[in-house]
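What follows is a short report on a single structure.
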Amino acid sequence: MKMRPRVLVSNDDGVVAPGLRALAHELHLQDFCEFAVSGPMGERSAQSHCITIGKHLHAFNIEVEGASEAFADGTPADSVMIALYGPLLSNPSFDLVVSGINRGDNCGLHVIYSGTVGAAREAACKDVPALAFSLDNHAARAEEQYLSAAKYAVCIIKATLGILPGAIPRPFFSLKGYVVNINFPGEKYDANYTGLHLCFQGQHCSFPDFQEVEADPHFSTANGTHGHGGEEGHHEIHAGNVVMRAFRNAAGMLRTDTREGSDSWAVARGWVSVTPVGLTSDIPLTFSDAVSREDKELREALGVMLKSVAAELKVKVAGLPEVAEVVLA
Numbered sequence: 101m102k103m104r105p106r107v108l109v110s111n112d113d114g115v116v117a118p119g120l121r122a123l124a125h126e127l128h129l130q131d132f133c134e135f136a137v138s139g140p141m142g143e144r145s146a147q148s149h150c151i152t153i154g155k156h157l158h159a160f161n162i163e164v165e166g167a168s169e170a171f172a173d174g175t176p177a178d179s180v181m182i183a184l185y186g187p188l189l190s191n192p193s194f195d196l197v198v199s200g201i202n203r204g205d206n207c208g209l210h211v212i213y214s215g216t217v218g219a220a221r222e223a224a225c226k227d228v229p230a231l232a233f234s235l236d237n238h239a240a241r242a243e244e245q246y247l248s249a250a251k252y253a254v255c256i257i258k259a260t261l262g263i264l265p266g267a268i269p270r271p272f273f274s275l276k277g278y279v280v281n282i283n284f285p286g287e288k289y290d291a292n293y294t295g296l297h298l299c300f301q302g303q304h305c306s307f308p309d310f311q312e313v314e315a316d317p318h319f320s321t322a323n324g325t326h327g328h329g330g331e332e333g334h335h336e337i338h339a340g341n342v343v344m345r346a347f348r349n350a351a352g353m354l355r356t357d358t359r360e361g362s363d364s365w366a367v368a369r370g371w372v373s374v375t376p377v378g379l380t381s382d383i384p385l386t387f388s389d390a391v392s393r394e395d396k397e398l399r400e401a402l403g404v405m406l407k408s409v410a411a412e413l414k415v416k417v418a419g420l421p422e423v424a425e426v427v428l429a
């Protein structure tokens, strides 16, 4: 009997978040893979790749439709790390890790802060292919608002696993060491996405707007510093008559990237943006044959994947290196 592919689902909005539930529902409905869930208990947005050191993680079994197992605790990266390398799940072997669907976009420089991308990146660090899904709608608090995105997401998952007509049988080998970051347009385009657009990561960014608020009288300075030794490095600050002030980091000015082909440019025009994100941040000063070959294989794998998804969904695909735009009916 042929083994069904195994998929791990995580996120940063929490395991009861509507985006994850909508994705799980669609995976269960289409019934082509075994999937498990491991994610944070509640809202852990903007945790990036933060992990827990020096204190215990506690796991709680929860019910998620169609999932073989579902547990919760820690940061998004924690939840993927323990699922892949801990005794949490009965079978820690997965063909693919998917994170999302996030409430709010993860375009441009938001990738740096994103717990959604952080969860996927943790898998990519361990050579497990990873997808990160986000919906450009911060007001989406109901599962119904994610249904269109979930249908696209599951189709992309199928293509990544090589089980769509026209897809490479196992394209995810070319995706190892990368996160494929996918952003869906907001409700203005719900169910009427323009198509799929292969994009570059832009400079889209939110600037902070710190506002002073009333200080919490129960806050302890012991909460403030942690050394590398975990609990042993836990110290209280003694500074005489400390004047304590409190601040709230609110969303400030939004800098958009209007360059054609950037992820935020595409999403603003109704495209589902698809952006491969690497694990290293250095700027290569030389380009070896090996690097060029890997880059070519990645582009080709993504191109075939997106064409197969577009054919399945009967939508357009753009941004591919070979041609400016291909229409697949």
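If you read the sequence shown in our numbering, its first letter stands for residue 101, the second for the next number, and so on.
Ideal placement from N, C-alpha and C gives every residue a C-beta, glycine not left out.
- If only uninterrupted beta strand (DSSP E) runs of at least 3 residues are considered, those enclosed by the segment 283-318 are 295-298 and 305-313.
- Counting along the chain, MET181 sits inside the alpha helix (DSSP H) bounded by residues 176-185.
- Here GLY215 carries a helix assignment [DSSP, helix/strand/coil].
- In terms of Cβ geometry, ASP173 and PHE194 do not form a close pair [threshold 8 Å].
- The alpha-carbon of ALA136 is positioned some 9 Å away from that of ASN191.
- The segment 161-168 makes no contact with the segment 201-209: fewer than 3 CB pairs, one atom from each, lie closer than 8 Å.
- Under the DSSP assignment, ARG121 falls in the alpha helix (DSSP H) whose first and last residues are 118-130.
- Annotation: the continuous alpha helix (DSSP H) that includes SER364 extends over 363-368.
- With respect to the C-alpha of PRO308, the residue from PHE347, LYS288, LEU120 and HIS158 having the closest C-alpha is PHE347.
- Boundaries of the beta strand (DSSP E) around LYS416: 416-418.
- Between ALA267 and SER145, the C-beta gap is not smaller than 8 Å, which leaves the two residues out of contact.
- Taking VAL367 as reference, the option from TYR289, ALA351 and GLU312 with the minimal CA-CA separation is TYR289.
- When the Cα atoms are used, MET344 and ALA315 turn out to be separated by approximately 7 Å.
- Distances from the alpha-carbon of TYR213 to those of LEU398, HIS304 and ARG121 put HIS304 closest.
- In the three-state reduction of the DSSP assignment, MET353 falls in the strand class, which pools E and B.
- Within the same chain, and ignoring the five residues on either side of ALA242 in sequence, the residues whose Cβ sits closer than 8 Å to its Cβ are PRO118.
- Just so you know, the alpha carbons of ASP395 and PRO376 end up roughly 10 Å apart.
- Counted as a single uninterrupted DSSP element, the alpha helix (DSSP H) harbouring THR260 occupies residues 247-260.
- Of all alpha-carbon atoms in LEU413, ALA253, GLY352 and PRO285, the one lying nearest the alpha-carbon of ALA239 is that of PRO285.
- Here the alpha carbons of VAL342 and CYS225 stand approximately 42 Å from one another.
- The segment 242-256 and the segment 123-137 touch, with three or more beta-carbon pairs separated by less than 8 Å.
- A buried status is given to ASP205, since no fewer than 16 other beta-carbon atoms sit within 10 Å of its beta-carbon.
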